[in-house]
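The structure appears right after this line, and notes come after that.
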Amino acid sequence: MNETHRRRNGCLIGCGVIALVLIAAVAVGGYLLYGSFKDGFIERKEYDAVKVGDAETDVRHRLPDGKSFLLTDLDKEAPAVPAGASCLHLGSLESGGSSDAMVAYRFCFRDGTLVEKNRYEVKG
876 MNETHRRRNG
886 CLIGCGVIAL
896 VLIAAVAVGG
906 YLLYGSFKDG
916 FIERKEYDAV
926 KVGDAETDVR
936 HRLPDGKSFL
946 LTDLDKEAPA
956 VPAGASCLHL
966 GSLESGGSSD
976 AMVAYRFCFR
986 DGTLVEKNRY
996 EVKG
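Position in the sequence shown counted from 1, then plus 875, gives you the numbering used here.
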């Protein structure tokens with residue numbers, strides 16, 4: 876095998892390794908994005924299934940935890956929080972009324988009970 880063939884083979888191996896690393900990076904990124912999406916978004920039917928007065932543990936068991944980097948600042952455009960309550964904000968899979976709006980859901984709990992739930996729009 877002459878020197879030209881060795882260089883060509885080395886280049887092909889190097890390119891193959893780089894391609895595998897890029898494919899792995901895209902796969903890991905996609906998996907993390909999917910996980911964040913799954914942890915922060917629900918469908919309308921999931922929102923409708925939860926009723927004010929339900930136990931907080933039951934509601935939180937039924938819904939994702941809302942810990943998604945995709946959902947920063949959802950609480951800024953939400954209605955005022957009921958006194959003494961803590962709230963869980965989730966994104967919606969439905970589209971908003973305008974092209975730059977996203978639908979969000981909020982579930983507020985006090986003393987172990989769901990005391991309020993809201994559907995509102997967040998400007999994109």
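By construction, the Cβ of each residue, glycine as well, lies at the ideal position given by its N, Cα and C atoms.
Using three-state DSSP, classify residue i as helix, strand or coil.
{"i": "residue 938", "result": "coil"}
{"i": "residue 960", "result": "coil"}
From residue i to residue j, what distance separates their C-alpha atoms?
{"i": "residue 985", "j": "residue 975", "result": "33 Å"}
{"i": "residue 930", "j": "residue 953", "result": "22 Å"}
{"i": "residue 934", "j": "residue 989", "result": "8 Å"}
{"i": "residue 924", "j": "residue 965", "result": "15 Å"}
{"i": "residue 936", "j": "residue 921", "result": "12 Å"}
{"i": "residue 949", "j": "residue 968", "result": "14 Å"}
{"i": "residue 939", "j": "residue 918", "result": "11 Å"}
Taking the alpha carbon of residue i as the point to measure from, which residue in the options has its own alpha carbon closest?
{"i": "residue 916", "options": "932, 958, 980, 935", "result": "980"}
{"i": "residue 941", "options": "929, 992, 956, 962", "result": "962"}
{"i": "residue 958", "options": "936, 983, 921", "result": "983"}
{"i": "residue 998", "options": "956, 926, 978, 925", "result": "978"}
{"i": "residue 993", "options": "987, 956, 968", "result": "956"}
Starting from residue i and walking both ways along the alpha helix (DSSP H), at which residues does that stretch end?
{"i": "residue 952", "result": "Note, residue 952: premise wrong, no alpha helix (DSSP H); not H, not E."}
{"i": "residue 921", "result": "919-924"}
State the start and end residues of the unbroken beta strand (DSSP E) segment that holds residue i.
{"i": "residue 997", "result": "988-998"}
{"i": "residue 976", "result": "976-985"}
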